[in-house]
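Quick notes on the structure that follows.
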Amino acid sequence: MLNEKQLRNILLCAILLLFSFCSIAILVKAQKLSGFDLAAIHFIQGFESKQLTSVMKFFTQLGSFSSVMMIFLLVLVILGLYKSKVKMLIFGVVVLGTPLINEMLKLAFQRSRPHLHRLIEIGGYSFPSGHSMNAASVYGVLVYLLWKHVPGKVGRTVLLSISCLFILMIGVSRIYLGVHYPSDVIAGYLASSFWVIAVIWLFHKYLRRA
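Residue numbers for the sequence shown follow our numbering, so the first one is 34 and each next one is one higher.
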């Protein structure tokens, strides 16, 4: 159970993330990040090779809807075996809410995908990146759920490092494959981070009152 000071810090962090997302959204809408996006795309795609493309396709698959649903079902079964109803609810709300939020944001901004150099084809709008949102939500909330169950500083460092690596690589893979702007990916990270933290804050706030 989190204390009041921890809850205030979490709320402050959520507000900061929301402010950061809104700032990027405003800049994107005003087309103020075009130079940054193009420079970052050219830099990342400058490393293109057959082997790296295979690696990036692997990571982009980890952030796909099918992979997320497989992880979702597996984690729910494990949490169910341990009868962790609160954790099941937090995990379910975070993971199932993410694609809904992503779809609403994409419809709100209706940003077209980049057409510079695509290595895969995909439809739909670009902002924010759905894969990046899935990655930040799923692997982010897993860190929260597993944190107390991983013994020692080394184990927790490994857990955090692996999660950060997966989140980063899934986002980078979308830029490398030419289907997202870097600002789409960053916005996706911010939106999902806000969502994860907001859900955790709401549940702990409810538990303290209950």
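Positions of the beta carbon are idealized from the N, C-alpha and C atoms, including for glycine.
- The C-alpha of F160 is placed about 15 angstroms away from the C-alpha of L51.
- For G68, the closest C-alpha among the options I195, P215, K116 is that of P215.
- Per DSSP, the unbroken alpha helix (DSSP H) holding Y172 starts and ends at 163 to 179.
- Contact check for F54 against A224 passes: the beta carbons are separated by less than 7 angstroms.
- The beta carbon of I233 is closer than 7 angstroms to those of I43, I123, Y177 in its chain, skipping five residues each way along the sequence.
- By the CB criterion at 7 angstroms, Y115 and K139 fall outside the cutoff.
- Taking one beta carbon from each stretch, the stretch 144 to 154 and the stretch 191 to 201 have fewer than 3 pairs nearer than 8 angstroms; the two do not touch.
- Between the stretch 207 to 221 and the stretch 55 to 74, the count of C-beta pairs closer than 8 angstroms reaches three or more; the two stretches touch.
- In the DSSP annotation of this structure, the continuous segment of the alpha helix (DSSP H) that includes L192 starts and ends at 185 to 209.
- Classified as exposed, R242 has fewer than 16 neighbouring CB atoms from the shown chains inside 10 Å of its CB.
- From the listed residues G125, M202, S206, the smallest Cα separation to V108 is found for G125.
- For V212, no alpha helix (DSSP H) run applies, since DSSP gives it neither H nor E.
- With a cutoff of 7 angstroms on beta-carbon distance, S206 and M89 are scored as near each other.
- Proximity to A141 across A47, V191, I48, A58 peaks at A58, based on C-alpha coordinates.
- For the 7 angstroms CB-CB criterion, M103 and T131 do not form a contact.
- The Cβ-Cβ distance between F105 and M202 does not fall below 7 angstroms.
- Within its own chain, the residues whose Cβ lies closer than 7 angstroms to the Cβ of M121, once the five positions on either side in sequence are excluded, are L109, L112, G113, listed in chain order.
- DSSP places I57 inside the alpha helix (DSSP H), whose first and last residues are 37 to 62.
- About 5 angstroms separates the Cβ atoms of L192 and V183, confirming a contact at the 8 angstroms cut-off.
- Pairing S87 with Q94 gives a Cβ-Cβ distance that is not under 7 angstroms.
- Distance from L60 to K238 at the Cβ level is roughly 32 angstroms; contact not present, criterion being Cβ atoms closer than 8 angstroms.
- For the set R146, W228, C46, the Cα lying nearest the Cα of I208 is the one of R146.
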